[in-house]
Amino acid sequence: MAKTGYGKRPAGDEDPHADPDFAHLSPRDREIAVFVDHLEAGHAMGYKAIAAAHPLYGQQAVRSSLGRITLAGHLRWIKEHITVEDDSMRWVTRTYWSRTRRSTEWWEDFAQERHGKDVTEYHMPGLARVEDIEEQAPETEPSEPDAPAAEQPSVAYRTLAELRDADPRMPLSDGDCRSLESLALEWLSLGATPHDITRALTAGLPPVVDNPGGLARNRLENKMPPKKAKIRQKAARRARVTRVIMACGLCDADERTVEIVSGLCRECLELCEAEGPLYEPVPETFLPGPRAVGLPGADEVIDVTDRVDALRRAAGLL
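Set out below in structure tokens:
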């Protein structure tokens, strides 16, 4: 399983399971699509993870098939820019799966509908595949070329550096601030505020402080808030999607730097084309394309659970 908030996510509004769901795919692609369709929500969707779970195909075969399944309209990787109430921002890559074939236009509308969504329930710090990428400045305010980006100090560092303003007896040097930063960060992770840290380090000071750094370390270590202080964080800061972009399903490049065509960048698309003719595009509609007339089982819903369970047993997953 992927980290919480990642992995396979249903796009929603799908048809019931039926034998002809993936009849438009080649035998290998169909086999992998059926396998992915029956994976639990939240299962890791990288080709290496799927190849490790599938008993028949290796990484290269799964990677290639995932690309062609993406082109067929069943799979998309979408990067969401998350802004949290504490003004922290990050890019998060989501993987969406649809048993029903979807057109490129349908997926584009689906991605745009993610804009503005409240994702507090899914937002967690430290998740896998999180990119801390700064937004580029607008074209109307170009940044000076070749100018190095200034590293912004953390809240913990600033709290320590500003102690001298709260009490002149506690002037911490840059070296002191950096060595004590991890302790201050631990305080913050336990629910303390910068004001709590400042008060703990300046309350009841002697008339003269000979070693501000040593005193600060002693107090940070000995007055550490109890773990129950985490209760203060139960009301999670609201997190919202403030930008949505499509990403390539095979190389993770996104439309900020490359053109994304039907879920793949041009380079990965050419690799898929090299294997043979691609699948016919899905009609430009929000509904799935009509199933072929006379296709065996087209009007019959067939339970394929036993078939998938056999594959999973062979892979040692059951």
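Just so it is clear: in the sequence shown, position 123 is 122 by numbering that gives the first Met the number 0, and no numbers are missing.
Ideal Cβ placement from N, Cα and C applies to all residues, glycine included.
>> Suppose only complete runs of 4+ residues qualify. What are the alpha helix (DSSP H) ranges in the segment 181–258, listed by chain order?
In response: Listed in chain order, the alpha helix (DSSP H) runs fully inside the segment 181–258 are 193–201 and 211–221, counting runs of at least 4 residues.
> If you compare alpha carbons, which of CYS271, PRO170, ALA110 and ARG216 is closest to GLU185?
Replying inline: The shortest Cα separation from GLU185 among CYS271, PRO170, ALA110 and ARG216 belongs to ARG216.
>> As a quick exercise: from GLU84, ARG168 and LEU65, pick the residue whose alpha carbon is nearest that of ARG75.
In response: Nearest C-alpha to ARG75: LEU65.
> Exposed or buried, LYS78, counting other C-beta atoms within 10 Å across all chains shown (16 or more means buried)?
Replying inline: Buried, by the Cβ-count rule.
> With a cut-off of 8 Å, do at least 3 Cβ pairs link the segment 52–67 to the segment 259–271?
Replying inline: Counting C-beta pairs with one atom in each stretch, the segment 52–67 and the segment 259–271 have three or more that are closer than 8 Å, which means they touch.
> What is the DSSP secondary structure of LEU159, counted as helix, strand or coil?
Replying inline: Helix.
>> Can you look up GLY6 in the DSSP assignment and give me helix, strand or coil?
In response: In this structure, GLY6 counts as coil in the three-state DSSP scheme.
>> Using a Cβ-Cβ cutoff of less than 8 Å, which residues in the same chain neighbour HIS53 once the five nearest sequence positions on both sides are dropped?
In response: Same-chain partners within the cutoff: ILE31, PHE34, VAL61, LEU310 and ALA314.
> For the 8 Å Cβ check, are there 3 or more pairs between the segment 37–48 and the segment 196–215?
Replying inline: Touching, no, given that fewer than three Cβ pairs across the two stretches are closer than 8 Å.
> If VAL208 and MET169 are in contact, beta carbons under 8 Å, what's the gap, nearest whole angstrom?
Replying inline: About 6 Å; that satisfies the 8 Å criterion.
> Using the C-alpha atoms, what's the distance from ALA22 back to ARG265?
Replying inline: Taking C-alpha positions only, ARG265 is separated from ALA22 by approximately 26 Å.
> Taking the Cβ atom as the reference point for each residue, do ARG98 and ASP20 lie within a distance shorter than 7 Å?
Replying inline: The Cβ atoms of ARG98 and ASP20 lie closer than 7 Å to each other.
> Going by the CB atoms, is the gap between THR158 and PRO193 shorter than 7 Å?
Replying inline: Yes, they are a contact pair.
> Tell me, which residues are paired with LEU70 by DSSP?
Replying inline: In the DSSP assignment, LEU70 is bridged to no other residue.
>> Taking its Cβ as the centre, do 16 or more other Cβ atoms sit within 10 Å of PRO15, making it buried, or is it exposed?
In response: Exposed, because fewer than 16 other Cβ atoms sit within 10 Å of the Cβ of PRO15.
>> What does the alpha-carbon distance come out to for the pair GLU258 and ARG113?
In response: Going from the Cα of GLU258 to the Cα of ARG113 covers about 20 Å.
>> I'd like the list of long-range same chain contacts for THR94, defined as Cβ closer than 7 Å, with 5 residues on each side in sequence excluded.
In response: Answer for THR94: GLY6, LYS7, ARG8, MET44 and TRP76, listed in chain order.
>> Closest to ARG255 by C-alpha separation, out of ILE49, TYR56, HIS80 and ALA48, would be which residue?
In response: Closest by C-alpha distance to ARG255, out of ILE49, TYR56, HIS80 and ALA48, is HIS80.
> Cα separation between LEU117 and ARG237?
Replying inline: Correcting the residue type first, residue 117 is Asp in the shown sequence and not Leu. Rounded to whole angstroms, ASP117 to ARG237 spans 7 Å at the Cα level.
> Helix, strand or coil for ASP173 per DSSP?
Replying inline: In the three-state reduction of the DSSP assignment, ASP173 falls in the helix class.
> If you follow the beta strand (DSSP E) that ARG89 is part of, which residue opens it and which one closes it?
Replying inline: Looking at the DSSP string, the run of the beta strand (DSSP E) that includes ARG89 is 88–96.
> Assuming THR197 and LEU162 make a contact with CB atoms under 8 Å, what is their CB distance in whole Å?
Replying inline: With a Cβ gap of about 6 Å, THR197 and LEU162 count as contacting.
> Taking DSSP as the reference, what is the three-state secondary structure of GLU79?
Replying inline: Three-state result, GLU79: strand.
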